[in-house]
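S.K.:
Numbering (the numbering used here), first residue to last: 1 to 210.
Right under this line is the structure:
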């Protein structure tokens, strides 16, 4: 799909009478509402070249994030960007000043599967963190498979992601805003599958209620 068609497509999708009433967004005090008409969208395209969890092998290639058993290495509690950091995995994901942050390159961090993994590891306001990385990886795999379509390249025979995935950073709405407050764990991803002609939406918003 040409880049110049994406804005038109997204606006048409969100404003479609069969779609718009079902796009529920979180408001204040945990109340859900609708956006009604959307007149503009701020988006960011994600990369989507990964077809295997081997992408995360780099977590095991270092000795400062995970133990050989897959257990996360703990650290003294600290807060960063409104998140409680209690292990080296979250430092790797959030804190550029930490040596472990280099485990994933800037290009790696643009991959949609990294976005999914990071969102799961950071969790929500009532999140109970896992002590081992495996549950995060398994859940990442399931969500990623639900949100993107993988096909085989007819020339190379290799698997490739056919879907186009966009992060919706903001939208001009006529009723409820996309997110109730500014928070780094706010996200909405739209995955467009041109093969099956599906559109998937994955949304999460943080609130100040708790």
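Backbone N, C-alpha and C fix where the C-beta goes; we use that ideal spot for every residue, glycine too. Treat the numbers as computed from the prediction; the structure is a model and nothing was measured.
Using only alpha-carbon positions, find the residue among 125, 121, 126 that is nearest to residue 134.
M.R.: Position 134 of the chain shown, counting from 1, holds the residue named residue 134. Cα-wise, what sits closest to residue 134 is 121.
S.K.: Could you check if residue 210 is buried or exposed, using at least 16 other CB atoms within 10 Å of its CB as the buried criterion?
M.R.: By one-based count along the chain shown, residue 210 stands at place 210. Only weak support is given to the placement of residue 210: the predicted model assigns it a pLDDT of 49, under 50, and the value that follows is read from those uncertain coordinates. Its Cβ having fewer than 16 others within 10 Å, residue 210 is exposed.
S.K.: What are the uninterrupted segments assigned as alpha helix (DSSP H) that are 4 or more residues long and contained completely in the segment 98 to 131, given in chain order?
M.R.: You should have 112 to 122.
S.K.: Alpha carbon to alpha carbon, how far is residue 199 from residue 77?
M.R.: As a working mapping, residue 199 is identified with position 199 in the chain shown. As a working mapping, residue 77 is identified with position 77 in the chain shown. Distance between the alpha carbons of residue 199 and residue 77 is about 40 Å.
S.K.: Counting only the same chain and skipping the five closest in sequence on each side, list residues whose C-beta sits under 8 Å from that of residue 92.
M.R.: Along the chain shown, one-based indexing puts residue 92 at 92. Counting only Cβ-Cβ distances below 8 Å, and skipping sequence neighbours, we find 59, 65, 98, 100, 101, 103, 104.
S.K.: Work out the CA separation of residue 43 and residue 24 for me, nearest whole Å.
M.R.: The sequence position of residue 24 within the chain shown is 24, counting from 1. The sequence position of residue 43 within the chain shown is 43, counting from 1. Their backbone Cα atoms lie some 18 Å apart in a straight line.
S.K.: Around the C-beta of residue 56, are 16 or more other C-beta atoms found within 10 angstroms, so that it is buried, or is it exposed?
M.R.: As a working note, residue 56 is residue 56 in the chain shown. Buried: at least 16 other Cβ atoms inside 10 Å.
S.K.: For residue 30 and residue 207, what's the separation of their Cα atoms in angstroms?
M.R.: The count along the chain shown starts at 1 and reaches residue 30 at position 30. The count along the chain shown starts at 1 and reaches residue 207 at position 207. Answer to the nearest angstrom: the Cα atoms are 7 Å apart.
S.K.: Taking only the alpha-carbon atoms, compute the straight-line gap between residue 151 and residue 50 and give it to the nearest angstrom.
M.R.: Indexing the chain shown from 1 puts residue 151 at position 151. Indexing the chain shown from 1 puts residue 50 at position 50. So the two alpha carbons sit approximately 12 Å from each other.
S.K.: Can you grab the Cα-Cα spacing for the pair residue 112 / residue 48, in whole Å?
M.R.: As a first step, residue 112 must be located in the chain shown, where it is residue number 112. As a first step, residue 48 must be located in the chain shown, where it is residue number 48. Whole-angstrom Cα-Cα distance: 6 Å.
S.K.: How far does the beta strand (DSSP E) with residue 164 in it reach, from first residue to last?
M.R.: If you number the chain shown from 1, residue 164 lands on position 164. Per DSSP, residue 164 belongs to the beta strand (DSSP E) from 164 to 173.
S.K.: Considering only their Cβ atoms, is the gap separating residue 183 from residue 82 smaller than 8 Å?
M.R.: In the chain shown, the residue the question calls residue 82 occupies position 82. In the chain shown, the residue the question calls residue 183 occupies position 183. In this structure, residue 183 lies closer than 8 Å to residue 82 by Cβ.
S.K.: Just checking, does the segment 171 to 179 make contact with the segment 14 to 28 on the three C-beta pairs under 8 Å criterion?
M.R.: Contact between the segment 171 to 179 and the segment 14 to 28 is present, because at least three Cβ pairs lie under 8 Å.
S.K.: Taking DSSP's pairing of strands, which residues face residue 279 in a bridge?
M.R.: Only positions 1 to 210 of the chain appear in the structure, and residue 279 is not among them; the question remains open.
S.K.: Determine whether the beta carbon atoms of residue 80 and residue 89 lie at a separation below 8 Å.
M.R.: As a first step, residue 80 must be located in the chain shown, where it is residue number 80. As a first step, residue 89 must be located in the chain shown, where it is residue number 89. No, the pair does not count as a contact, with Cβ atoms beyond the cut-off.
S.K.: Which residues in the same chain have their Cβ closer than 6 Å to the Cβ of residue 10, if we skip the five residues on either side of it in sequence?
M.R.: By one-based count along the chain shown, residue 10 stands at place 10. Same-chain partners within the cutoff: 41.
S.K.: Which residues in the same chain have their Cβ closer than 8 Å to the Cβ of residue 46, if we skip the five residues on either side of it in sequence?
M.R.: Within the chain shown, the letter at position 46 stands for residue 46. 110, 111, 112, 115, 165, 166, 167, 189.
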